[in-house]
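Student: Numbering (the working numbering), first residue to last: 1188 to 1316. We put the beta carbon where it would ideally sit given N, CA and C, even for glycine.
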Amino acid sequence: MDYSIKQVSEKTNLKAHVLRYYEREGLLPFVKRSESGIRHYSEDDLEWLGLICCLKNTGMSIKQIKDFVKLSMEGEVTLKQRCDMLQEHKKNVEEKLEEMQKHLLKVSHKIEYFTSQYQKYSAATSSKS
1188 MDYSIKQVSE KTNLKAHVLR YYEREGLLPF VKRSESGIRH YSEDDLEWLG
1238 LICCLKNTGM SIKQIKDFVK LSMEGEVTLK QRCDMLQEHK KNVEEKLEEM
1288 QKHLLKVSHK IEYFTSQYQK YSAATSSKS
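1. Which one of Lys-1278, Leu-1215, Met-1272 has the shortest CA to CA distance from His-1236?
2. Roughly how many angstroms separate the alpha carbons of Glu-1281 and Glu-1234, rounded to a whole number?
3. Going by DSSP, what residue range makes up the alpha helix (DSSP H) through Lys-1289?
4. Could you check how far apart the C-beta atoms of Arg-1226 and Val-1218 are, in whole angstroms? I think they sit under 8 Å.
5. Taking the alpha-carbon positions, what's the Lys-1315 to Ile-1298 distance?
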């Protein structure tokens, strides 16, 4: 089944200009076009788009994603390089998650602290009434 840019935009919650940008940047090199230039996205294109969004949303740069796509276009001879890239990216994501967990713990502690301070304040002000 083929999808129009509007359908892909609706399915992915990505604006049409973002899809066009990804295509211009070489992230979606397989998108077919009609003779009049209308894009026709396939299921495979949607799969690629899912991976692109996943990588981008987890901090991979457009340039790195572009490099990954280029390697993919070269076929099976680049499987090891692609695995290495994804392993490195996974390591970076795990480090960021660990860092975020530390920040979340600090925020949680501050919520507990300010909640207890507020309760003391609230109790003190209501007993004066």
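Tutor: The structure says:
1. A small fix is needed here, since residue 1236 is Leu in this sequence, not His. Looking at the Cα atoms, Leu-1215 is the closest of the given residues.
2. 24 Å
3. 1266-1314
4. 5 Å
5. 26 Å
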